[in-house]
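Undergrad: The sequence shown begins at 1 in full-length UniProt numbering and counts up by one.
Glycine included, each C-beta is placed from N, C-alpha and C at the ideal position.
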Amino acid sequence: MPTTDTETGMAPDPTAERALLEQFDAIVERNDRVEPRDWMPEGYRKTLIRQVAQHAHSEIIGMQPEGNWISRAPSLRRKAILLAKVQDEAGHGLYLYSATETLGPSRQELTEMLLAGKQKYSSIFNYPTLSYADVGTIGWLVDGAAICNQVPLCRTSYGPYGRAMIRVCKEESFHQRQGYELLMTMMQGTDEQRAMVQESVNRFWWPALMMFGPPDDESPNTAQSMAWGIKRNTNDDLRQRFVDMSVPQAEALGVTLPDPELRWNEERGHHDFGQPDWDEFMQVVKGNGPCNAQRLAHRRRAHEDGAWVREAALAFADKSGGLDTPALVPREGYSTSETEEVR
Ligand SMILES: [Fe+2]
Ligand SMILES: [Fe+2]
C-alpha cells in the first residue's frame with residue numbers, strides 16, 4: 001500500500017510522488033478501480049468531484065419536473081409508477097452524494113455549492129413539463145440518454161462511482177420502459193393524445209441531444225478525462241449512439257423526430273442528424289433557461305424546510321452515542337448488492 005500524503009499530512013517528495021503517479025497510472029492502464037484511500041492526482045480528484053457532484057445534483061433536481069405531475073396523474077397505476085420513479089431518482093442522488101463524499105467534500109458542502117450555483121446539474125431539468133405526455137417523453141428520451149451516458153460509466157476508473165452506476169443503470173432501464181409504455185398507450189388512444197405525445201417529443205428531442213454535452217471539438221476536458229478512465233466515450237460518440245437507438249423506437253411509436261436532417265447514412269452505418277442550438281444550451285448552462293431560477297428556489301426551500309430533520313437526526317445520534325446505534329445501522333442480512341446472497 002502506498003503511503004498517502006493524506007495519511008502522513010506531508011507532501012511527498014518528488015521521487016515518491018513520481019512512484020505514486022506510476023502506481024496510479026498502472027491501475028488506470030489495467031482498467032482496475034482507483035479506490036478512495038489510493039493516492040490520486042489532484043486534477044483527477046477535482047474532475048471527479050465536479051462530475052460526480054454534478055451527477056448527484058442532477059438526480060435530485062431531476063425529481064422536480066416529474067414530481068410536478070404526481071398529484072395530477074391520470075390513474076392510480078400511473079401515480080404508483082411515477083412515485084416509484086421519482087423516489088428512485090432520490091435514491092440515485094444519495095448513492096452519488098455518498099460516492100462524492102469519498103473524495104473529500106461533505107454532503108453539506110455539496111448542497112451549499114449547488115444552492116450557490118457553484119456546481120451545476122444537467123441542463124435538461126431546466127425545461128418545464130407542460131403535459132402528462134412529458135412524463136413519458138422524459139422516461140423515454142431523458143432516461144434513455146442517461147442510460148447511454150451511464151452504461152459506459154459502470155467501467156469508470158473510480159470504484160465508488162462505477163459501483164453506484166451499476167445499480168443506477170438497472171433502475172434507469174425501468175424508467176425508460178415506463179416512459180415508453182406510457183407513450184405507446186397514449187399513441188393508441190385518441191387523436192388528441194397522439195398530438196400531445198408529438199408536441200412533447202418536439203420540445204424534448206433537442207434538449208435530450210444536449211445532455212451529452214458540447215461537440216467534441218468544444219469539449220476541452222474530454223481527452224484528459226478519457227486518459228484517466230473517468231470517461232469511456234466522447235460526447236459525440238454517445239450522442240450518435242443515442243440517435244441510432246431512438247430512431248427505430250420513434251418509428252415503432254409512430255412519432256416524428258423534429259429534425260429535417262435526420263436520415264440513415266449507408267456509408268457510415270449511422271444516422272446523420274442536425275445540431276442542437278448550442279447557443280440555447282450555453283444560455284441554459286449559464287442559468288438563463290426557462291426554469292433555472294424556479295428549480296434552485298424550490299431546492300433551497302426544501303433544504304430550509306428540512307433543517308429540523310437534520311437537527312433531530314444529529315441530536316438523536318448525539319444522545320445515542322454516535323452513529324453505531326441499532327436504529328442507524330443496516331439491519332442484519334441487509335445487502336446492498338443484488339448479486340450478493342442475503343443471509
Ligand atoms: Fe436517475
Ligand atoms: Fe431515471
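Relative to the C-alpha of Thr-129, which candidate in Pro-215, Arg-72, Arg-263, Arg-241 has its C-alpha closest?
TA: Arg-72
Undergrad: Quick one: complete alpha helix (DSSP H) runs, 4+ long, within the stretch 187-213?
TA: 191-210
Undergrad: Apply the 10 Å Cβ neighbour rule to Asn-31 and answer buried if 16 or more other Cβ atoms are within range, or exposed otherwise.
TA: Exposed, by the Cβ-count rule.
Undergrad: Who are the Cβ neighbours of Arg-18 in its own chain at under 6 Å, not counting the five residues just before and after it?
TA: none
Undergrad: In angstroms with no decimal places, state the Cα-to-Cα distance between Lys-118 and Gly-189.
TA: In a straight line, the C-alpha of Lys-118 is about 45 Å away from that of Gly-189.
Undergrad: What's the C-alpha gap between Lys-319 and Pro-160?
TA: 31 Å
Undergrad: For Leu-153, count neighbouring Cβ atoms within 10 angstroms of its own Cβ and tell me buried if that reaches 16, exposed if not.
TA: buried
Undergrad: Out of Lys-286, Val-284, Leu-262, Gly-269, which has the shortest C-alpha to C-alpha gap to Gln-275?
TA: Leu-262
Undergrad: Any idea what DSSP makes of Val-168, helix, strand or coil?
TA: helix
Undergrad: State the CB to CB distance for the pair Arg-300 and Leu-96, rounded to an integer number of angstroms; the pair is presumed to be in contact (CB under 8 Å).
TA: Actually they are not in contact, since the Cβ atoms of Arg-300 and Leu-96 sit about 20 Å apart, beyond 8 Å.
Undergrad: On the three-pair Cβ rule with 8 Å, is the stretch 49-69 touching the stretch 243-253?
TA: no
Undergrad: Residues in the same chain with beta-carbon distance under 8 Å from His-271, minus the five sequence neighbours each way, listed in chain order, please.
TA: Gln-240, Val-243, Asp-244, Val-247, Leu-262, Arg-263, Trp-264, Asn-265
Undergrad: Should His-57 be counted as a contact of ligand 1 given a C-beta to heavy atom distance under 8 Å?
TA: no
Undergrad: Indicate the three-state DSSP secondary structure (helix, strand or coil) for Asn-292 in the structure shown.
TA: helix
Undergrad: Look at the Cβ atom of Ile-60, then the Cβ atom of Thr-156, and state whether they are nearer than 9 Å.
TA: no
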